[in-house]
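Shown next, in structure tokens, is the structure this report addresses.
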Amino acid sequence: MYNSQLPTDGSRVPKSVSMNAGTGIFVEKAERHGNERIRVLLKSFGLRTSLIRLKVIDALLNAAESERNLGVRGVHTYLLDLDIPLSFLSVREVLKRLCSEGVITLNPDKSYSLHPQAIAILYSESGSDASLKA
Numbered sequence: 001m002y003n004s005q006l007p008t009d010g011s012r013v014p015k016s017v018s019m020n021a022g023t024g025i026f027v028e029k030a031e032r033h034g035n036e037r038i039r040v041l042l043k044s045f046g047l048r049t050s051l052i053r054l055k056v057i058d059a060l061l062n063a064a065e066s067e068r069n070l071g072v073r074g075v076h077t078y079l080l081d082l083d084i085p086l087s088f089l090s091v092r093e094v095l096k097r098l099c100s101e102g103v104i105t106l107n108p109d110k111s112y113s114l115h116p117q118a119i120a121i122l123y124s125e126s127g128s129d130a131s132l133k134a
């Protein structure tokens with residue numbers, strides 16, 4: 001079955017390490033729970049959930065919490081550091097699509113950030129304070 005999120009240059013994606021003695025089970029559950037609010041966000045904007053959208057929004061959330069700005073190259077590097085093999089062009093296209101749908105905004109310095117409405121949806125869903133609104 002074709003997977004559009006895998007590289008198409010003929011290279012193989014390395015197989016992930018199998019979970020030993022249940023150590024990865026808790027990490028997987030925590031990640032899934034963390035992604036749930038991003039899934040709700042995407043659904044509220046009428047978008048389907050995909051791995052690349054989840055990871056791109058997660059990268060922007062982490063950058064905002066660290067008070068950093070990320071452009072296309074920064075998001076791409078963040079994803080590569082997580083061993084997520086996505087092309088630069090794929091990341092750029094996802095950012096453009098999320099921007100056109102109003103989920104994120106393109107700042108004057110060519111960095112991306114979550115739209116205030118998206119932040120409100122994320123933090124109203126999780127019950128956290130909306131400290132990123134500022």
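Per UniProt numbering, the sequence shown starts with residue 1, numbered consecutively. The beta carbon of each residue, even a glycine, is placed where N, CA and C say it ideally should be. These numbers were taken from a predicted model, which means no experiment stands behind them.
Ranked by Cα distance from Asn107, the options Leu60, Ile121, Leu86 and Ser124 are led by Leu60. Measuring C-alpha to C-alpha distances from Leu70 to each of Ser44, Val56 and Asp83 identifies Val56 as the nearest. Thr49 carries a coil assignment under DSSP once its states are collapsed to helix, strand and coil.
Excluding sequence positions up to five before and after Leu98, its CB lies within less than 6 Å of the CB of Ile104, all in the same chain and listed in chain order.
CA-CA distance, Gly46 to Glu101, rounds to 9 Å. In the displayed model, Ser124 falls within a helix according to three-state DSSP. Looking at the DSSP output, Tyr78 bridges to nothing. At a Cβ-Cβ threshold of 7 Å, Leu122 and Arg37 count as neighbours.
Each residue's CA atom was taken as its position, placing Val91 and Asp58 some 13 Å apart.
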